[in-house]
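Sequence lines, in order, name chains A and B.
So the first sequence is residues 1 to 266, counted in the numbering used here.
So the second sequence is residues 1 to 102, counted in the numbering used here.
The beta-carbon is built from N, C-alpha and C at its ideal position, and this holds for glycine as well.
All values derive from a computational prediction rather than experimental measurement.
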Amino acid sequence: MGEVIVITSGKGGVGKTTTTANIGTGLAIRGKKVVLIDTDIGLRNLDVVMGLENRIVYDLVDVVEGTCRSKQALIKDKRYEGLHLLPAAQTRDKTAVSPEQMQKLCEELKQEFDFVVIDCPAGIEQGFKNAIAGADKAIVVTTPEVSAVRDADRIIGLLEAHEVKNPKLLVNRVRVDMVKRGDMMNIEDILDILAIDLIGVVPDDEKIVISTNKGEPAVTDTKSAAGQAYREISSRILGENIPVMPLIPEDGFIFKIKKFFGLRTT
Amino acid sequence: MRGGIDMLDLKELFSFFTKKESSKNVAKERLKLVLIHDRANVSPQFLEMIKGEIIKVIQNYMEIDESELDIQLTKTKSDEGNRVVPALVANIPIRNVKNSGK
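Okay, structure coming up:
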């Protein structure tokens, strides 16, 4: 029996889709059978981030409406064994799917896959309710900004109200230089305010833009700092106890670490 | 690379002497206040209800200026340490104290 993880945030543009793509791919690299579901009906994007946009035949709405079987709608990622995508419909809206239908679909997919990773749309309306309906666990994505942390707080409350217990926090796009000079909230500040467990910290990384341009998740790029963070997050999801790297290492230390990983991974 | 880090250190040292409040602390304080409101789900109607009840109670003991009564949910420094805690602050102008209590 697999596990259903929803990636949510409340606020748009904090990196839910990128996170879904990277965690899903990260788990697949580790040999797990994974299906990613894009629930952002009408504004689908997980397909392009994954580089699978040209292979869509059926979508999520086709599956819940019974136009096709779920197997037929799943796009198999040829690069990573065991990775699949169920794309959202682009020409419909969030009301085309109900929370009950999502719950049923998750139950079904869970039988066959180790992980069902759901990309939740921004907002707290129907799309959010659909995305969390079948979820066993949740990862709340935020960035170190007032607006994003505020929305994360609201989402944490709503998740708990909907019986999705113990959500984990992912702080995305952290800029170590700005944190260092006191112009960006650090992880302790954010954890202090939100009072939930941390699953990982992803540094702001140009390579994310490059990998999105290409449609190849950064988690596969051994030279990407964000990719490294996503690999560690995937490992934590698999139950490994990997400490979150300190954000403000001593001078020169981060450089050494980068070099170390660079050496080790090339 | 090295040069970049040294520049940063200098700036840090400078900001230490000028004691300019870092923008992250501004962000944190603003966030805390916003969340107090969000979490308490305080609607204007809710505050009006409290206001009405407070007026009723206080009027038993003193004459107050109802139109000037101001009540709001805000934050304050806690007694122990410098933690910020939510506070309900009411500003109630008194016109006259009744003696009927005695």
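{"Check": "Mark T20 of chain A as exposed unless 16 or more other C-beta atoms lie within 10 angstroms of its C-beta, in which case mark it buried.", "Outcome": "buried"}
{"Check": "To the nearest angstrom, how far is it from the Cα of I190 of chain A to the Cα of L31 of chain B?", "Outcome": "10 Å"}
{"Check": "Measure the Cβ-Cβ separation of A161 of chain A and V14 of chain A and say whether it is below 9 Å.", "Outcome": "no"}
{"Check": "Please decide whether N172 of chain A counts as near chain B, where near means a Cβ-Cβ distance under 9 Å.", "Outcome": "no"}
{"Check": "Return the CA-CA distance between T8 of chain A and L35 of chain B, expressed in angstroms with no decimal places.", "Outcome": "19 Å"}
{"Check": "Chain E beta carbons: is any one of them nearer than 9 Å to that of S23 of chain B?", "Outcome": "Reference to chain E is not applicable here, since the protein chains of this structure are A and B."}
{"Check": "List the residues of chain A whose Cβ lies closer than 8 Å to the Cβ of A40 of chain B, in chain order.", "Outcome": "In chain order: nothing, as chain A lies at least about 12 Å away."}
{"Check": "Assign I208 of chain A to buried or exposed, taking buried as 16 or more other Cβ atoms, counted over all protein chains shown, within 10 Å of its Cβ.", "Outcome": "buried"}
{"Check": "With 9 Å as the threshold, decide whether the Cβ of R175 of chain A is near any Cβ in chain B.", "Outcome": "no"}
{"Check": "Take S67 of chain B as the anchor and find which of B:R95, B:V85 and B:K75 has the nearest alpha-carbon.", "Outcome": "B:R95"}
{"Check": "Do R55 of chain A and V63 of chain A have their C-beta atoms within less than 9 Å of each other?", "Outcome": "no"}
{"Check": "Indicate whether at least one CB of chain B lies closer than 9 Å to the CB of T142 of chain A.", "Outcome": "no"}
{"Check": "Is it buried or exposed for T265 of chain A, if we count other Cβ within 10 angstroms and need 16 for buried?", "Outcome": "Note that T265 of chain A scores 38 on pLDDT, short of 50, meaning its location in the model is unreliable and no value can be drawn from it."}
{"Check": "Less than 9 Å separating the beta-carbons of L60 of chain A and I23 of chain A?", "Outcome": "no"}
{"Check": "Leaving aside the five residues before and after M102 of chain A along the sequence, list all residues of the same chain whose C-beta is less than 6 Å from its C-beta, in chain order.", "Outcome": "N130, A133 and G134"}
{"Check": "Any Cβ of chain A within less than 9 Å of the Cβ of A90 of chain B?", "Outcome": "no"}
{"Check": "When the Cα of L33 of chain B is compared with those of B:A87, B:N91 and B:N60, which residue comes out closest?", "Outcome": "B:A87"}
{"Check": "For R154 of chain A and I124 of chain A, which I take to be in contact (beta-carbon distance under 8 Å), what is that distance rounded to the nearest angstrom?", "Outcome": "7 Å"}
{"Check": "Under 9 Å between C-beta atoms, does V85 of chain B make it to chain A?", "Outcome": "no"}
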